[in-house]
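Heads up: take any position in the sequence shown, counting from 1, add 13, and you land on this note's numbering.
Glycine residues also receive a C-beta, built at the ideal position from the N, C-alpha and C atoms.
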Amino acid sequence: MNANEFKNRTKAFAIRVIRLVEALPKNQTAKVIGNQLLRCGTSVGANYRAACRAKSPADFVAKMAIVEEECDESIYWMELIVEAGLMDEKRLVDLKNEANEILSMVVASIKTARSRK
């Protein structure tokens, strides 16, 4: 997967997170969890784009580590949505799989950049 495809995937992930949050019920629990998921999900794309603009391998690694944290946290908030009974688990499986795929690509990118010192 090249950088452009990766960028498109992270953008698509952010859009799907936004749609998921919009579909949540309007109670207080859903609002809190949804806001946290929204913050993390949209940060994945923004921080990935920032990493691509990094001037040094060390800066790239640092920014990709932020993307990794945001992916991890997105998955955590998605699991909370299911546990709270706010959304059917089947609807979240694809989104969680996509977050995991992005996460694995981020980890591979970090390892590659570290090995190029």
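Query	Result
Per-residue DSSP class, three states only, for R22	helix
Three-state secondary structure (DSSP) of K103	helix
Proximal residues to R1 (C-beta, below 7 Å), its chain only, five neighbours per side dropped	For the chain, the structure presents residues 14 to 130; residue 1 sits outside this window and is missing.
Residues near G47 in its chain [Cβ-Cβ closer than 7 Å; skip 5 each side]	V34 and L37
Nearest-angstrom Cα separation, counted from S128 out to L50	32 Å
Sequence-distant residues of the same chain with beta carbon closer than 7 Å to A27, five excluded per side	G54, T55, V57 and G58
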